Amino acid sequence: MLILTHNLYLHKKNGDRKIEIRVFKPEFLGPAWGCRYEIDWPEGTQVMMPNGMDALQALSLALKMIGADIYTSAYHREGSLRAFETEEGYGFPVPNNIRDLLVGIDKMSF
Numbered sequence: 029m030l031i032l033t034h035n036l037y038l039h040k041k042n043g044d045r046k047i048e049i050r051v052f053k054p055e056f057l058g059p060a061w062g063c064r065y066e067i068d069w070p071e072g073t074q075v076m077m078p079n080g081m082d083a084l085q086a087l088s089l090a091l092k093m094i095g096a097d098i099y100t101s102a103y104h105r106e107g108s109l110r111a112f113e114t115e116e117g118y119g120f121p122v123p124n125n126i127r128d129l130l131v132g133i134d135k136m137s138f
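Sequential numbering of the sequence shown, starting at 29, is according to this note's numbering.
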């Protein structure tokens with residue numbers, strides 16, 4: 029079951045391209061929990077399912093993995109990715125070891 033969507037925008041010469049992110053309800057996989065997410069990158073949809081000991085840990089890991097995927101992407105490095113019109117950042121936390129990559133509102137929030 030889909031629980032949230034979030035859009036990023038990739039600036040291209042011929043206009044912005046929407047990159048949709050979808051997060052699904054954590055599910056019990058026995059003995060662990062998984063939380064699937066999808067990112068519609070231009071080269072194809074990335075599907076991942078991080079696992080945790082409970083639903084909250086699986087969801088938390090999924091959100092941090094999304095943040096890591098975004099912040100370590102070539103699109104972020106190029107500066108062609110955005111989520112908000114007037115503020116830098118993407119709205120996702122990241123693991124502690126890449127917090128130095130955070131920009132804008134993310135830097136203040138996460």
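Glycine included, C-beta positions come from ideal geometry on N, C-alpha and C. In this text the structure is predicted, and so the values were computed from the model without any measurement.
Fill in: Three CB pairs or more closer than 8 Å across the segment 125-132 and the segment 51-67
Because the criterion of three Cβ pairs below 8 Å is not met, the segment 125-132 and the segment 51-67 do not touch.
Fill in: Of the listed residues Lys41, Ala86, His34, Asp44, nearest to lysine 53 (C-alpha basis)
In the sequence shown, counting from the first residue as 1, residue 53 sits at position 25. That would be Ala86, whose Cα lies nearest to the Cα of lysine 53.
Worksheet entry | Beta-ladder partner(s) of glycine 62, from DSSP | Here residue 62 corresponds to residue number 34 of the sequence shown, with the count starting at 1. Answer is Glu55, Asn79, bridged to glycine 62.
Worksheet item: Would the segment 104-118 and the segment 76-84 be scored as touching if the rule is three or more Cβ pairs under 8 Å?
Response: no
Worksheet item: Would you say valine 131 and glutamate 113 are within 8 Å of each other, going by their C-beta atoms?
Response: Position 103 of the sequence shown, counted from the first residue, corresponds to residue 131. Position 85 of the sequence shown, counted from the first residue, corresponds to residue 113. Not in contact: valine 131 and glutamate 113 (Cβ atoms no closer than 8 Å).
Practice prompt. Have a look at leucine 30 and glycine 95 and give me their C-alpha separation to the nearest angstrom.
Written response: Taking the sequence shown and counting its residues from 1, one reaches residue 30 at position 2. Taking the sequence shown and counting its residues from 1, one reaches residue 95 at position 67. Looking at the two C-alpha atoms, the distance is approximately 18 Å.
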